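Chemist: Shown below is the structure under consideration.
There are 4 protein chains.
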Amino acid sequence: MASVAVLGASGYAGAIAAMLVHRHPFFELRHVTARSEAGARLDDVHPRTRVPLELESWDPDVQGDVDAALVCWPHRVSAPAVAALRARGVRVVDLSADFRLRDRGIYADWYGEHGAPELFGQGVYGLPELYREAIRPADIVANPGCYPTAALLALAPLARAGLLGDVVIDAKSGVSGAGREPTSATHFISADENMVPYKVERHRHTPEIEQELAAQGAPLTVTFTPHLVPLAQGELVSAYVTPAREHDEDELAALYDEAYAREPWVELRVGPPGVLDVRDTNYCRLSVHSDGRTGRILVFAAIDNLWKGAASQAVQNLNLMFGRDESEGLR
Amino acid sequence: MASVAVLGASGYAGAIAAMLVHRHPFFELRHVTARSEAGARLDDVHPRTRVPLELESWDPDVQGDVDAALVCWPHRVSAPAVAALRARGVRVVDLSADFRLRDRGIYADWYGEHGAPELFGQGVYGLPELYREAIRPADIVANPGCYPTAALLALAPLARAGLLGDVVIDAKSGVSGAGREPTSATHFISADENMVPYKVERHRHTPEIEQELAAQGAPLTVTFTPHLVPLAQGELVSAYVTPAREHDEDELAALYDEAYAREPWVELRVGPPGVLDVRDTNYCRLSVHSDGRTGRILVFAAIDNLWKGAASQAVQNLNLMFGRDESEGLR
Amino acid sequence: MASVAVLGASGYAGAIAAMLVHRHPFFELRHVTARSEAGARLDDVHPRTRVPLELESWDPDVQGDVDAALVCWPHRVSAPAVAALRARGVRVVDLSADFRLRDRGIYADWYGEHGAPELFGQGVYGLPELYREAIRPADIVANPGCYPTAALLALAPLARAGLLGDVVIDAKSGVSGAGREPTSATHFISADENMVPYKVERHRHTPEIEQELAAQGAPLTVTFTPHLVPLAQGELVSAYVTPAREHDEDELAALYDEAYAREPWVELRVGPPGVLDVRDTNYCRLSVHSDGRTGRILVFAAIDNLWKGAASQAVQNLNLMFGRDESEGLR
Amino acid sequence: MASVAVLGASGYAGAIAAMLVHRHPFFELRHVTARSEAGARLDDVHPRTRVPLELESWDPDVQGDVDAALVCWPHRVSAPAVAALRARGVRVVDLSADFRLRDRGIYADWYGEHGAPELFGQGVYGLPELYREAIRPADIVANPGCYPTAALLALAPLARAGLLGDVVIDAKSGVSGAGREPTSATHFISADENMVPYKVERHRHTPEIEQELAAQGAPLTVTFTPHLVPLAQGELVSAYVTPAREHDEDELAALYDEAYAREPWVELRVGPPGVLDVRDTNYCRLSVHSDGRTGRILVFAAIDNLWKGAASQAVQNLNLMFGRDESEGLR
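These protein sequence lines map, in sequence, to chains B, Y, S and C.
Going by the working numbering, the first sequence opens with residue 1, and the numbers climb by one from there.
Going by the working numbering, the second sequence opens with residue 332, and the numbers climb by one from there.
Going by the working numbering, the third sequence opens with residue 663, and the numbers climb by one from there.
Going by the working numbering, the fourth sequence opens with residue 994, and the numbers climb by one from there.
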């Protein structure tokens, strides 16, 4: 048994993370925190979790008594909490963007000043399908953004094979991706029966996708545009690739088969995936298509933005860090 | 007054077309037809139309006694009906694909054998913003497909200006686009909380978009992928353009302003459009963005697939054909 | 022409009211007000209205220069505005509860202190189907609540005929009924795929329903429970009546036929109504059923809570007050 | 280990039943059947199940080799299959209505001729909270209907205490309750943004509710009306009770507390339950309210119609029949 704290458990991803840890055979959920809802029970705030723990205020001397923590806070406020936890020897999976980027300048450009500069760049990028071995011994794992998770699983095989010439990523997400804060954009009347592009040209997941594609061998500038669609959980990445070189369908099929046939949480399909097929799961469903008319490669990847895009992937990482089966507690 | 018949009034687009004609100050709705629901009243089948007419079986000797007809039938079965109407001197707006394409080979490739080969290619493409003057005297107007309507309004200014180098069109449509037939894909449980790409590489609106972009000066092969999203009516086209030449933001703004500032049914906006903003209207909302990072031009266009994408655009065409104000009966 | 101001035009009902007045052949929309969004244009805040007027701050000396005003403000803050408008001779349709009740004690119990006690009780209850003649000359018309509108249209014929022994009203409303304020209850993630009873035992429309049923001849205590359902606009009242006396189906049918056959905005149907059938309209759809097994009478009434339940009914009242055809501008 | 067959696994409830058995630590899912989709894999037809078994055609000599079967077929066709399974010694949980009723005349009135008259009435009514001890040794368990499950859990404590004088049950269900057959009623465009009463006066769950309330001590004729609401899974029963005798709030609270405080799958709450709180679970959430104004007792019960209303309750019953912990495999 290893003890775990979940910071920010009143958010959507944090609540699911707490639920998964609570049900987990190996981990013991010891603390859950929330800022404004401290004192309430998590199963009152989020009934579906059925986690009967009281939400606590954040105090490193209280929650720092654990083996591991999942930090589900926004960027910039997350880093100091991670630092405080690390100072107490706690191993951390951080769900914010604070430890994902490795270039201080890029972080500064897209996010501003970092909250724990001495730890900057020390996170291992927590996409198990790409960095499994590095994650195991890591003390700080930077859980990927939801869009980068789907985009990188879709494109990494092409990047590694030198096939990724140029790419347009059109992404669609359910409303939970906009967070739990009631705003005019998350009001039912705004989102229902609507769909709309948002953060055109400037979504913060862009540099993260570019950094990791470069790490896989394809240093390029990507076009990435997210859209809000009227559903609760689910994310679809449609990637339109201009290939960098000649290839045929067999090579393409072999590349993806090699990458994912043995991956427990990636499902390679012939037809395009729907987000409902992966709802409330850690799965990513993928399909790859070679368009003879245009010469483009099309890749579609569907995940649940709160699960594989956040909470369940964090637990997948936690499993790796503590030597457990990667899938424990996730089925 | 001019008398009008609506063929196929029990479908989603046909019902709205009938409603718009019925309410129209100049046109008189004389006949509505339906195959399997003949004998029922339209306002029982589609209460929201409030059209108290009985649905008739198609008989050219009955419905042929009108000045104009809107034919809301599927491709291939539409052409013979159009021929029969033309033989009786009826002016026709055809909502199928049968008179949109001008290359017999391309029609055959994507649709099969044409149902009235002697009339092939005689339709004027009914996108008023591009072909207003040709529509006025036309006897057959080929009402554009829903995706081409949005895609062409989004891209025509770039095509005409020699800016359209390459384009990826990612389109999203509400479920009414899949038609009124109950299928496993249109079942509430399949569509609700889901989104999924469909007809990847082979949607029939592709050659129509390519034909009309070529007509505007940009002969290219487009990548076009539609997605089904969980809402009733609404269509969003996200177009990712690789420019064919240097340009600046001022030129871009001037191009769209020149194209659309005086158009009654195109709304140019600074921020990206949502489909709810055009629901149940003949409007197309557009925004254009020049992405400095990637050099791409992004254009977003939102329409109601059943209105500007079908029924209300058909009435807009009818207005032009009969010398009426283009917007009559549409506000 | 008569000039009109709409106060509170940034709310859902206010925006539709403004749109209907703006499109109306007889009325001229001169002012629209909003508290926090003053300075913005209404068609930017609510694009679907297409009303290109600037939202103003409330100032009786500015907006008081009109012939009529629709006041779309919450109870208690509405009354003083109505008083200020009346002092300037403006005829008012008030959409709040402030002028609906006629018993000061009941108002105090359910709403608290009244904001213009000198005018208390001077409103004519604005349900045209019941009070048409009294509305015509009225200077203050109290537009009914959405639930009372549907409930009273459903039950008035029974009340008048001495048939209403006891009644359970189970009501369901779309999320727009909860207002435009972003709250945790109106967040898409809370409302989507959910339904939940609310304000059990204490919804403020209860005394309004009881007052008006008593006025129709049935003084009784009603059980009324509203539920929130995941749709934008639409309200369904299911009324379960224990008859006060013997009756047969013919009498029942005759009662409703007599009440509504000539009403332009009530649609009597054999089968139960769906809210989609009346979406974006001023219609109320009704069905009445006599259950032989239980002896109960069941009445179902569907309206659009923002239209017949608020904005379009306000315009219907305005038409009556200004001697226009009751339906002008509403089709 | 005990081996299990699920008949009718391509339906919504059957697919979930198969998934739950497949994941269950004690049961082994050996067969899944489907009529029209035999030959396909269940995880292709219903990806969310992740059950990699091939759907078989029904053949008692093939699927009869198991210890237990869950029969997820419609009424009337279910009974002969149950008979064939019983002839082979298989213990059965039947999800149809065929073994729920104990009066042949009532069955004939509501359902027609029974498909296995020699077994009529031999089922134990499978609501564990009422019949736990009788279910354990049973060979045929008649899994309750979804509406009766919620209605009986809501009302049984009142029935037993002699408090149930009269009751109106207004029920609301998500669209999955209408089955997987694509029909005009289950088309997304019909159900989305709509709600409508259905089977007014004649829903077949009525006699089942009456039978079981009588068994609990309250023989009465109930008014029961279901409504279709636009969500996938979830059912809410709103019960309006006229008490048969004097009582106070303390007695009421004590009754429900006594009935459910130790029940693992009933959650008693102070505020009214939402269906989202029990989505994808075996829980029933309940609240009881004593309305001082009207003297009525209000009870609200929320379940997932496919889980506690069908599939997971069937597994709960199976657990009891095989001496397992009632909750095994359900959390």
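Ideal Cβ placement from N, Cα and C applies to all residues, glycine included.
Bear in mind that the values here come from a model prediction, so they are computed numbers and not experimental data.
(1) Please go through the stretch 124-185 of chain B and give each complete alpha helix (DSSP H) segment of 4 or more residues, from N-terminal end onward.
(2) With distance defined between alpha-carbon atoms, name the residue in Y/631, Y/626, Y/571 nearest to residue 599 of chain Y.
(3) Taking just the CA atoms, how far does residue 667 of chain S sit from residue 749 of chain S?
(4) Hey, which unbroken runs of the alpha helix (DSSP H) at 4 residues or more fall wholly within the stretch 725-794 of chain S?
(5) Could you tell me the boundaries of the alpha helix (DSSP H) in which residue 521 of chain Y lies?
(6) Given a threshold of 16 other Cβ atoms within 10 Å of its Cβ, counted over all protein chains shown, does residue 61 of chain B qualify as buried or as exposed?
(7) Measuring CA to CA, which of C/1216, C/1266, C/1175 is closest to residue 1279 of chain C?
(8) Which residues, in chain order, does the stretch 518-550 of chain Y contribute to contact with chain A at a C-beta distance below 9 Å?
(9) Straight-line CA distance for residue 893 of chain S to residue 679 of chain S?
(10) Under 8 Å between the Cβ atoms of residue 364 of chain Y and residue 387 of chain Y?
(11) According to a CB-to-CB cut-off of less than 7 Å, which residues of the stretch 1040-1055 of chain C neighbour chain B?
(12) Taking residue 908 of chain S as the reference, give the member of S/756, S/824, S/888 with the closest Cα.
(13) According to DSSP, what are the bridge partners of residue 240 of chain B?
(14) For chain Y, check one thing: does any of its Cβ atoms lie closer than 8 Å to the Cβ of residue 919 of chain S?
(15) In the stretch 1212-1225 of chain C, which residues sit with their C-beta less than 7 Å from some C-beta in chain Y, listed in chain order?
(16) I need the straight-line Cα distance from residue 657 of chain Y to residue 595 of chain Y, nearest angstrom please.
(17) Would you kindly check if the distance between the Cβ of residue 746 of chain S and the Cβ of residue 669 of chain S is under 8 Å?
(18) So, with DSSP's three-state summary, where would you put residue 884 of chain S?
(19) Looking at C-alpha atoms only, which residue of C/1060, C/1177, C/1308 is the closest neighbour of residue 376 of chain Y?
(20) Can you grab the Cα-Cα spacing for the pair residue 1312 of chain C / residue 1321 of chain C, in whole Å?
(21) Helix, strand or coil for residue 667 of chain S, going by three-state DSSP, please let me know.
(22) What is the C-beta distance between residue 1299 of chain C and residue 1169 of chain C, in whole angstroms, given that I count them as a contact (C-beta under 8 Å)?
(23) Answer with yes or no whether the minimum CB distance from residue 1236 of chain C to chain S is below 8 Å.
(24) In whole angstroms, what is the alpha-carbon distance linking residue 165 of chain B and residue 210 of chain B?
(25) Closest Cβ-Cβ distance between residue 1318 of chain C and chain B: below 8 Å?
(26) Roughly how many whole angstroms lie between the Cα atoms of residue 1070 of chain C and residue 1200 of chain C?
(27) Quick test of your reading: residue 456 of chain Y and residue 481 of chain Y, contact by CB under 8 Å. State the CB separation rounded to the nearest angstrom.
(28) Return the residues of the stretch 1128-1155 of chain C that lie within a Cβ-Cβ distance of less than 9 Å from chain S, sorted by chain order.
(29) Quick check: the Cα distance between residue 251 of chain B and residue 168 of chain B, rounded to an integer number of angstroms?
(30) Any C-beta of chain C sitting closer than 8 Å to the C-beta of residue 612 of chain Y?
(31) The stretch 597-622 of chain Y: which residues have C-beta closer than 9 Å to a C-beta of chain C, in chain order?
(32) Just the chain B side, please: which residues come within less than 8 Å of residue 567 of chain Y by C-beta, in chain order?
(33) Helix, strand or coil, according to DSSP, for residue 1045 of chain C in the structure here?
(34) Which whole-angstrom value describes the C-beta separation of residue 478 of chain Y and residue 502 of chain Y, a residue pair presumed to lie in contact below a C-beta threshold of 8 Å?
(35) Only counting the same chain, and skipping five residues up and downstream in sequence, which positions put a Cβ closer than 7 Å to that of residue 672 of chain S?
(36) Enumerate in chain order the residues of its own chain whose CB-to-CB distance from residue 1220 of chain C is below 8 Å, with the five nearest sequence positions on each side excluded.
Modeler: Taking the definition as stated:
(1) Those alpha helix (DSSP H) runs which fall completely within the stretch 124-185 of chain B and span 4+ residues are 128-135, 146-160.
(2) Residue Y/631 is the option with its Cα nearest to residue 599 of chain Y.
(3) A direct Cα-to-Cα measurement between residue 749 of chain S and residue 667 of chain S gives close to 15 Å.
(4) The stretch 725-794 of chain S contains these whole alpha helix (DSSP H) runs: 740-749, 766-773.
(5) In the DSSP annotation of this structure, the continuous segment of the alpha helix (DSSP H) that includes residue 521 of chain Y starts and ends at 519-522.
(6) Only exposed fits residue 61 of chain B, as fewer than 16 other CB atoms lie within 10 angstroms of its CB.
(7) Measuring from the Cα of residue 1279 of chain C, the nearest candidate turns out to be C/1266.
(8) Annotation note: the requested chain A is absent from the structure, which comprises protein chains B, Y, S and C.
(9) Roughly 20 Å separates the two Cα atoms.
(10) Taking 8 Å as the cut-off, the beta carbon of residue 364 of chain Y is found closer than this to the beta carbon of residue 387 of chain Y.
(11) Answer set for the stretch 1040-1055 of chain C: 1040, 1041.
(12) Nearest option by C-alpha distance: S/824.
(13) DSSP lists B/168, B/298 as partners of residue 240 of chain B.
(14) Against chain Y, the CB of residue 919 of chain S has no partner CB under 8 Å away; the residue lies outside that interface.
(15) Residues passing the 7 Å Cβ filter: 1225.
(16) Rounded to the nearest angstrom, the gap between the Cα atoms of residue 657 of chain Y and residue 595 of chain Y is 9 Å.
(17) For residue 669 of chain S and residue 746 of chain S, no; Cβs fall outside 8 Å.
(18) Judged by DSSP in its simplified three-state form, residue 884 of chain S adopts coil rather than helix or strand.
(19) Nearest of C/1060, C/1177, C/1308 to residue 376 of chain Y, Cα basis: C/1177.
(20) Distance from the CA of residue 1312 of chain C to the CA of residue 1321 of chain C, rounded to the nearest whole angstrom, comes to 7 Å.
(21) Residue 667 of chain S sits in a strand when the DSSP states are folded into three classes.
(22) Their Cβ separation, rounded to whole angstroms, is 6 Å, which keeps residue 1299 of chain C and residue 1169 of chain C in contact under 8 Å.
(23) So no, residue 1236 of chain C is outside the interface.
(24) Approximately 13 Å, taken between the alpha carbons.
(25) Not flagged as an interface residue toward chain B: residue 1318 of chain C, since no C-beta distance is shorter than 8 Å.
(26) Pairing residue 1070 of chain C with residue 1200 of chain C, the inter-Cα distance amounts to about 20 Å.
(27) About 15 Å separates the two Cβ atoms, so there is no contact after all.
(28) Those residues of the stretch 1128-1155 of chain C placed with their C-beta closer than 9 Å to a C-beta in chain S do not exist.
(29) Answer to the nearest angstrom: the Cα atoms are 22 Å apart.
(30) Closer than 8 Å: no.
(31) Going along the stretch 597-622 of chain Y in chain order, one finds no residue with a Cβ nearer than 9 Å to chain C.
(32) Under a criterion of Cβ atoms nearer than 8 Å, the residues of chain B adjacent to residue 567 of chain Y are, in order, 195, 196, 197, 227.
(33) In the three-state scheme derived from DSSP, where H, G and I count as helix and E and B as strand, residue 1045 of chain C is classed as coil.
(34) Yes, residue 478 of chain Y and residue 502 of chain Y are in contact; Cβ-Cβ is about 5 Å, under 8 Å.
(35) Excluding sequence neighbours, residue 672 of chain S sits near 696, 699, 707, 717.
(36) Excluding residues within five positions, the ones whose Cβ falls inside 8 Å are 1163, 1164, 1165, 1166, 1188, 1189, 1190, 1191.
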